[in-house]
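What follows is one structure encoded as structure tokens, with my remarks underneath.
In the UniProt record's numbering, the protein residues as written are 1 to 126.
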């Protein structure tokens, strides 16, 4: 904990082969440790903007089964040094309970795996 009574921890895992980055952040105050918000941010890089948009449309349909966890999506378009367009989907999960955060993130990765395998099977641009 720092002088303000706030404790923060962060973990970043990079999976370069899969094109995804996961950042898990937990912040807590000394006054009310039970109301802390745990968050996980996942960033997935897609080969094309169309695939990123399709994945976003598919994955954001499923709402969390409980209000104990929430998720939000957005697309980020940038360019690399050579001027090639890069499209990333960012997903943020939040929950007051670590267990619910873990369940939500695990379910998301299961759905993402199905989407990516479908792209590989039926999309000729990959």
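Backbone N, C-alpha and C define an ideal beta-carbon position, used for all residues, glycine too.
Less than 8 Å between the CB of residue i and some heavy atom of the ligand ADP, yes or no?
i: residue 53; result: Absence of the ligand ADP from the depicted structure is noted, as is the absence of any ligand whatsoever, leaving it without description.
What is the DSSP secondary structure of residue i, counted as helix, strand or coil?
i: residue 108; result: helix
i: residue 103; result: helix
i: residue 117; result: helix
i: residue 53; result: helix
Would you mind stating whether residue i and residue j have Cβ atoms separated by less than 9 Å?
i: residue 93; j: residue 42; result: yes
i: residue 105; j: residue 59; result: no
i: residue 123; j: residue 57; result: no
i: residue 71; j: residue 91; result: yes
i: residue 55; j: residue 46; result: yes
i: residue 77; j: residue 95; result: no
i: residue 97; j: residue 75; result: no
List the whole-angstrom C-beta distance separating residue i from residue j, where the pair is believed to meet the contact cut-off of C-beta under 8 Å.
i: residue 73; j: residue 89; result: 7 Å
i: residue 101; j: residue 44; result: The Cβ separation is near 18 Å, so there is no contact.
State the start and end residues of the unbroken beta strand (DSSP E) segment that holds residue i.
i: residue 94; result: 85-95
i: residue 79; result: 69-79
i: residue 45; result: 37-46
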